[in-house]
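Chemist:
Residue numbers (the numbering used here): 16 to 168.
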């Protein structure tokens, strides 16, 4: 099993290296949405700008008004997925992918939009899929997307 995890991590790193940065970051919005949302809201990338040696989570917590312990967990999750670099324990720095979270980069706005709007919509899929009256899906039946967004299809 550990060999599979090593191969998955290597493939993820290769993909993050060769893919368009915007594409790589927006794809990750579906896998690590909560951590990405927290990092975007706290402007972690902005705080790490021009800090190639990184900052300790205590300092990042102070700058972003976040709990340093929780922030460390969030950043470790993202660093494991190649967003941010873990320099030493509890010290994180920006990398190519995390730079797409810079508040002045348009991709950060797109990812923020995707995290809020799409995530809230898609989180309703199981709830709406189990509704008896919607088990068959003719076009006149509401969908989870249309109900969440107060739309008719």
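Even for Gly, the Cβ is constructed at its ideal location relative to N, Cα and C. Computed from a prediction, not measured in an experiment: that's the story for all the values here.
Between the alpha carbons of residue 136 and residue 165, how many angstroms are there, rounded?
Modeler: As a first step, residue 136 is located in the chain shown; it is residue number 121 there, counting from the start. As a first step, residue 165 is located in the chain shown; it is residue number 150 there, counting from the start. Cα to Cα, residue 136 sits roughly 11 Å from residue 165.
Chemist: Could you tell me the distance, in whole angstroms, from the CA atom of residue 54 to the CA atom of residue 89?
Modeler: In the chain shown, counting from the first residue as 1, residue 54 sits at position 39. In the chain shown, counting from the first residue as 1, residue 89 sits at position 74. Rounded to the nearest angstrom, the two C-alpha atoms are 8 Å apart.
Chemist: Using CA coordinates, which residue listed in 105, 124, 97, 109 is at the minimum distance from residue 33?
Modeler: Indexing the chain shown from 1 puts residue 33 at position 18. Comparing Cα-Cα distances from residue 33 to each of 105, 124, 97, 109, the minimum goes to 97.
Chemist: Could you round the C-beta distance between residue 123 and residue 115 to whole angstroms and report it? I think they count as a contact, below 8 Å.
Modeler: Counting from 1 along the chain shown, the entry for residue 123 is found at position 108. Counting from 1 along the chain shown, the entry for residue 115 is found at position 100. Going by Cβ atoms, the distance from residue 123 to residue 115 rounds to 6 Å, so yes, they are a contact pair.
Chemist: Output needed for residue 66: all residues of its chain with C-beta closer than 8 Å, excluding positions within five of it in sequence on either side, in chain order.
Modeler: Position 51 of the chain shown, counted from the first residue, corresponds to residue 66. 108, 109.
Chemist: With respect to the beta strand (DSSP E) encompassing residue 106, which residues constitute its N-terminal and C-terminal limits?
Modeler: Sequence index remark: in the chain shown, residue 106 carries index 91 (1-based). Looking at the DSSP string, the run of the beta strand (DSSP E) that includes residue 106 is 106-108.
Chemist: Could you pull the start and end residues of the alpha helix (DSSP H) that residue 20 belongs to?
Modeler: The residue given as residue 20 occupies position 5 in the chain shown. Here the alpha helix (DSSP H) through residue 20 covers 17-33.
Chemist: Looking at C-beta atoms only, is the number of pairs between the segment 57-71 and the segment 99-107 that lie closer than 8 Å three or more?
Modeler: Flag = yes, the segment 57-71 and the segment 99-107 touch.
Chemist: Quick check on the burial criterion: 16 or more other C-beta atoms within 10 angstroms. Buried or exposed for residue 49?
Modeler: The residue you call residue 49 lines up with position 34 of the chain shown. Residue 49 should be labelled exposed.
Chemist: Can you give the beta carbon distance from residue 112 to residue 36, rounded, assuming they're within the 8 Å contact cut?
Modeler: The residue labelled residue 112 in the question sits at position 97 within the chain shown. The residue labelled residue 36 in the question sits at position 21 within the chain shown. Yes, residue 112 and residue 36 are in contact; Cβ-Cβ is about 6 Å, under 8 Å.
Chemist: Using DSSP with H/G/I as helix, E/B as strand and the rest coil, what is residue 102?
Modeler: Counting from 1 along the chain shown, the entry for residue 102 is found at position 87. Strand, per DSSP.
Chemist: Considering Cα atoms alone, identify which of 138, 140, 121 is closest to residue 38.
Modeler: Against the chain shown, residue 38 aligns to sequence position 23. Taking only the C-alpha atoms, the option nearest residue 38 is 121.
Chemist: Could you tell me the alpha carbon to alpha carbon distance between residue 129 and residue 87, rounded to whole angstroms?
Modeler: Taking the first residue of the chain shown as position 1, residue 129 is located at position 114. Taking the first residue of the chain shown as position 1, residue 87 is located at position 72. Using only the alpha carbons, I get a separation of about 24 Å.
Chemist: With DSSP as the reference, identify every bridge partner of residue 71, one or two as the case may be.
Modeler: Reading the chain shown from its first residue, position 56 is the one you call residue 71. DSSP lists 106 as partners of residue 71.
Chemist: Does the Cβ-Cβ distance between residue 41 and residue 126 come in under 8 Å?
Modeler: Sequence index remark: in the chain shown, residue 41 carries index 26 (1-based). Sequence index remark: in the chain shown, residue 126 carries index 111 (1-based). Taking 8 Å as the Cβ cut-off, residue 41 and residue 126 qualify as a contacting pair.
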